[in-house]
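Undergrad: I'd like to ask you about the structure that follows.
Residue numbers (our numbering), protein chains in the order written: chain A, 1 to 270; chain B, 271 to 540; chain C, 541 to 810; chain D, 811 to 1080; chain E, 1081 to 1350; chain F, 1351 to 1620.
Given below as structure tokens:
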């Protein structure tokens, strides 16, 4: 179903961006792909743009003539505040302003488990639970979740804020046995967000169909995400090569994992 | 399992009534079928009765010697108030009075999504959410839900109020991709309601196992309904022949669909 | 503050109607008062109309040129179904149709504790709790609560559904020590409903500031009702002349009091 | 995965204890099995100990050098208070003291549906619902649930309190069509409790994947229990040989089944 | 209002028992007062009984011919388990058995904040929040709360479980500025529990009208407790003589105060 | 009670800052007052500092040697994004970094109703309701609420985020009859935040004791704010000089008032 004429994917050179380029291709005639670095292997259906999200004029141009935005750009983990401020906060503001000024009606935003990383795994939170970021990175995710709420309530732009848990080729530690989001499931959730009849402002939890269920995604049921993957076939190997975890270690206790064990980025290396 | 001696089905000439006649046949030795119009193709196990539900004496007779009532009669969509008053309100009162006077202990009532049609699809309501009817028709469904609650609390008659979403041979528009209830699933839910060990007063959401999940039916888990059908095989054709919906159109935004776009029946044709 | 040009009060010959005529006089230049019986002692600011609410044309005329409706008419307690159907159900429908056709923007409706009479006193329900009527009378209150919800969602007419507990000159039994609503507090709540900046569709619990608190009215906080009366000065006399209640008697156990001990009106006198 | 050096199973001679001995064998090099009676057929990997849980010193010795405790010992149904006091209350206290003094970090405790037996089946309670025991036996389960909460909050010992519904070779009555926990599913839940990365203090509902769903186990989703069995293949036979239940009988109405119909154990035989 | 012929007060020699003897005198012709030690200054309306609550026969005699029981006996703080088992657990069981066998219909039980002591002060729990005891003493309070729930659901004996926070002549530390229950307010709450029309099984929070509000007692609103005292007149002196607290100290962070800082009673003195 | 050696007040030249300088004077020996503009009328107990919050080094110096921070600085209403980014987002980050680096343990932050401005007045939200900002200004408030949550969970710095509704000398429009926070009550709330035994991370609603109650502040009960003022003495004058509001106007319907009617700041003047 080529539902869209043109989709924009930001952060297209990143780990997930590369998957989305392939996975979303059937949905649109054209895919505009952007990143702050050169993107390799550009396909015939793709328009590659090098763009700093902190550059207002560049983002206004980038978001022109697109029907939907898959916003996965910005710093992907904990870094110093000024980088987060420019890439994630100002950059995302530019994306939403681009959407508003250019008439784009829907945005799929890569939020993160780190927006709610300090909730305990046994708290079984859902999309309406209060935020508890575990890092400056997580705070920037809350910022965009709030910003996109405003752009829906005031300007009628829909957003799916997809809180991605652990999206890697395969689980990299024991925690990911429950927190893993396969690349295919990630693409699947974004695709549902793009095609669902009504998104409004929705917060979803991006996680595969793993055995342990630590969050409740039912409030995004109108998006229609149905995960197909799970981590059971990785379990034995992972448990064989890693120690039994201490249930009180912050990285085990809290949703955010090792982000909860990080100090402040200013203190790194001290 | 021929659990019952005689079941009464009202509205038996209607779209769903016809399905119920076949589907529920194994449950009872006799099925009394009634409608305001002549019912065709009466089977040996069936007793056909033409009956206006607004006629008290007729309904008292109709409900005699039955073990359970499947009450699907009444006006099936928005019409003028006096018709609703007579068919749905007075008529359903007669059914419950018949049950009370004749010792019938359980009723399965065809309530409707239109009893809660003004909730937004992203609200993910459950059976305890406040009512928000989208039509006079929906108000009459709330009336019977309230009446049946009284008949349980005061007179010990159990009811399953089954809020039917969109029960048609196949989905007729994009909204039904999430709201469709297959005929088999409809029969399945009614059958569970008739045979569950305890119904008390239960409100259920009649919807198939469609990809998008917009309401939470878990409070009817003691009924044991497990849908078997879904709309995925209709999706491509439906999406090919219909436009992408405007998420802000009332018919997309609210559970009740196009009923929310109807004016008052008195104003029709003006 | 003469905020309104003309208010309509239905049921104006009734116990509460008489209080409202006096209490609301300062709010409007004209008060149209109606009842099915002749109303005595008509004041210069009043326009008295004898009107059956079941008469469509009469109600259309009655609701003309009014700015707000205080709808206290209809059968005030459990009676046979046809009376309830005509007075409370059809009659209230006419009132709302009159409001719609004549451009009246706000209605204060005398709902009742009997709309939720089968909740236990220790359940501490609030305005969003499911309905549990204790009588046909209570079912008719649920009908109007549902109808008024529709008229707000679809036609933009605001309603305060005021669930009146026990509004009498003074408490008439031990239960009223907690359920009593003084006449002044009743007028106060209606007045707030008429003048609050936004009512939308609100359900309020009409009860004075009595010592025992069995329901939670906080969801009507935007109406601004602050009760001034309470039953403490009646307590000693009431306790002296009545027996200690059995906590398991339905009239003590449930919000609805003795209505929960009534049988069906058809069985009365048998 | 031989994750543990030594697990202790109490009540190992009981119906479920026997299943656990086999089912948990792969998890530990050694399994210490204890009961108040001699245990038959001791395997090479097992250390059998006859032990009264009411004997403090014996339990201190019993819990030494173990890595986890599967505490299924104690009186398994309603008996006189002094037996419950000694076996279930004092006995379980000894188990937790043994864990504390011997450094055992995790306990799987056989709680019971009878801890919440007086909730109605249509209440759909979850792990945070208030307790409503249906027997002195059930009260003792609440005691241990409370005690284990203290031992987590204050002493850092994790507990899974597994509320076992009806764990028998096969369903023994109609109620068990919804309440049955197969032996394999029981072992499965305990195994998940032993190996989940973080248990903290968790209450789980031990029930197979039966058609009717009367409780909500989602708050134990971090344990990762996924039932594999259900009762559908027993349904026809059971329904054929037992009467249709009265939905108002306490044994049908309440979660606890026939325990709700028991009198006080002191009155038995009178 | 001499509503009762005879009330029994256990723990009548204790701090609160002495207050209750005076405060409840107007409610009953006779007050039976019991304690494990001799009670001084026996009044003409009082019947003093020395009684170990662990002695079954003595308690059966003690509870004879009484109309209501105010059960404040048992160990009043953290002690070794066997003392708690005998005084608080077995002793309270005897009280409830006495009530059942002797036809006493209502019990006011001195539960404690320590039944929920490990909740954080900012959690704002209410009566339905899960228990989190902070001590063996607190566990025994949960035991009686569970036991009394059974005696209501199964045997129809009403209980008010009054979770007393800090009832002393005056606040003894900074925490008591919010947790203090004046003696008069304590008597007031018990009196309301004895005279309220329906108690069923109610959990109340015994705390005066102090400035800081850390728990929500609204679910006991049907009891009608209205505190009259508060700690503001003690504030300046208390703040002058005590240090500013560390908000992370367990005694500040948790409802239970210094009980959360206690170790296990077996470890005391080590 | 001179509880603190030195408090820092930012935004001290602003409307509320001036009130806080006076009101908080008794709490501290020294008050450091800062603003981006010169502050007039400096008192002997005050240390005035001109400081741009966007200047990292300046804020590090500003926050040195203080015991608590009352952070009321930053842009006080809707302005262009870059101003908000610098003053409110970067500036508040600097304040929290200053607190962290200089060992300040508690911050009182001037959040705003505009953090939740798009909730309807009849929604009766509390502190845990999802955010719904009504402006870029509101989004910046959500940012700081999220940031301060991180600084509590990870770095142990307490924050009271005080969502100020309408704090002016007197109500300026009809909406403020319910939303007004008197200057005295504002100071009172801040004072409570500074002196409460435990703040953790608390969100409070800053509003006086006005007749209409549209939000639920009970989750901040451990702060101990008790408003003393209300708007009733302004009501008549205000109602006389302003029109009756349209309940559907965004400024009446939503908590945020006229902020909900603002367009985007970039579009102003167009």
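Ideal placement from N, C-alpha and C gives every residue a C-beta, glycine not left out.
Short check: CB of residue 554(C) to CB of residue 612(C), under 9 Å?
TA: Closer than 9 Å, so yes.
Undergrad: Go to residue 59(A), then tell me how far its alpha helix (DSSP H) extends in each direction, as first and last residue.
TA: 56-62
Undergrad: Thinking C-beta only, is residue 1409(F) closer than 9 Å to residue 1380(F)?
TA: no
Undergrad: Taking the beta strand (DSSP E) that residue 112(A) belongs to, which residues open and close that run?
TA: 106-112
Undergrad: Got a sec, what are the start and stop residues for the alpha helix (DSSP H) residue 506(B) sits in?
TA: From DSSP, the alpha helix (DSSP H) with residue 506(B) extends over 502-511.
Undergrad: Relative to the C-alpha of residue 916(D), which residue among 907(D), 992(D), 828(D), 897(D) is closest?
TA: Residue 907(D) is the option with its Cα nearest to residue 916(D).
Undergrad: By the 9 Å beta-carbon criterion, what residues does the stretch 1533-1561 of chain F contribute toward chain E?
TA: Along the stretch 1533-1561 of chain F, the positions whose C-beta sits under 9 Å from a C-beta of chain E are 1542, 1545, 1546, 1547, 1548, 1549, 1550, 1551, 1552, read in chain order.
Undergrad: Any beta carbon of chain A sitting closer than 9 Å to that of residue 839(D)?
TA: The Cβ of residue 839(D) sits no closer than 9 Å to any Cβ of chain A.
Undergrad: What residues in the stretch 1437-1462 of chain F have a beta carbon less than 8 Å from any beta carbon of chain A?
TA: From the stretch 1437-1462 of chain F, only 1439, 1440, 1443, 1447, 1450 have a Cβ closer than 8 Å to chain A.
Undergrad: Would residue 977(D) count as contacting chain A if we go by Cβ distances under 9 Å?
TA: It does not: the Cβ of residue 977(D) has no partner Cβ on chain A nearer than 9 Å.
Undergrad: Compare the Cα-Cα distances from residue 278(B) to each of 434(B), 420(B), 334(B) and report the closest residue.
TA: 334(B)
Undergrad: Taking its Cβ as the centre, do 16 or more other Cβ atoms sit within 10 Å of residue 1157(E), making it buried, or is it exposed?
TA: exposed
Undergrad: At least one CB of chain D closer than 9 Å to the CB of residue 213(A): is that the case?
TA: Yes, residue 213(A) counts as interfacial toward chain D.
Undergrad: Assuming residue 289(B) and residue 453(B) form a contact by the criterion Cβ under 8 Å, report the distance between their Cβ atoms to the nearest whole angstrom.
TA: 4 Å
Undergrad: Under 6 Å Cβ to Cβ from residue 1310(E), same chain only, skipping five residues before and after it: list those, please.
TA: 1288, 1289, 1290
Undergrad: Find the residues of chain B that neighbour residue 222(A), judging by a C-beta separation of less than 8 Å, and give them in chain order.
TA: Ordered by position in chain B, the residues that pass the 8 Å Cβ test against residue 222(A) are 391, 392, 394, 448, 482, 483, 484.
Undergrad: Apart from the five residues on each side of it in sequence, which residues of its chain come closer than 8 Å, Cβ to Cβ, to residue 192(A)?
TA: 223, 224, 225
Undergrad: Just to confirm, are residue 358(B) and residue 411(B) a CB contact at a threshold of 9 Å?
TA: yes
Undergrad: State yes or no: is the beta carbon of residue 496(B) nearer than 9 Å to at least one beta carbon in chain D?
TA: yes
Undergrad: Rounded to the nearest angstrom, what separates residue 27(A) and residue 33(A) at their Cα positions?
TA: 14 Å
Undergrad: Counting C-beta neighbours from all protein chains within 10 Å, is the total for residue 1343(E) 16 or more, i.e. buried, or is it exposed?
TA: exposed
Undergrad: Identify whether residue 1532(F) lies in helix, strand or coil by the three-state DSSP scheme.
TA: coil
Undergrad: Who are the near neighbours of residue 1442(F) in its chain, counting only those whose CB is closer than 6 Å to its CB and skipping five residues on each side?
TA: 1494
Undergrad: Report the neighbours of residue 1497(F) on chain A: residues whose CB is nearer than 7 Å to its CB, in chain order.
TA: 139
Undergrad: Alpha carbon to alpha carbon, how far is residue 1578(F) from residue 1539(F)?
TA: 11 Å
Undergrad: Would you please verify whether the beta carbon of residue 1479(F) is less than 9 Å from any beta carbon of chain E?
TA: Closer than 9 Å: no.
Undergrad: So for residue 1524(F), helix, strand or coil by DSSP?
TA: The DSSP-derived three-state label of residue 1524(F) is coil.
Undergrad: Quick check on this structure: which residue in 111(A), 177(A), 42(A) has the alpha carbon closest to the alpha carbon of residue 275(A)?
TA: Given a span of 1 to 270 for chain A in the structure shown, any question on residue 275(A) remains unanswerable.
Undergrad: So that I know if they touch, is there some Cβ in chain B lying closer than 9 Å to that of residue 1054(D)?
TA: For residue 1054(D), the answer is yes, since a Cβ of chain B falls inside 9 Å of its Cβ.
Undergrad: Cα separation between residue 1004(D) and residue 698(C)?
TA: 57 Å
Undergrad: Which residues, in chain order, does the stretch 46-79 of chain A contribute to contact with chain B at a C-beta distance below 8 Å?
TA: Across the stretch 46-79 of chain A, no CB contact with chain B closer than 8 Å is found for any residue.
Undergrad: So what's residue 1084(D) in DSSP terms, helix, strand or just coil?
TA: It is not possible to answer for residue 1084(D), since the shown part of chain D is limited to 811 through 1080.
Undergrad: In chain order, what residues of the same chain have a beta carbon less than 7 Å from the beta carbon of residue 515(B), not counting five sequence neighbours either side?
TA: 444, 522
Undergrad: Contact criterion: CB-CB distance below 9 Å. Does residue 531(B) meet it with respect to chain A?
TA: no
Undergrad: Tell me the rounded alpha-carbon separation between residue 1129(E) and residue 1120(E).
TA: Near 11 Å, if we compare the C-alpha coordinates of residue 1120(E) and residue 1129(E).
Undergrad: Can you find a C-beta in chain E that's less than 9 Å from the C-beta of residue 970(D)?
TA: no
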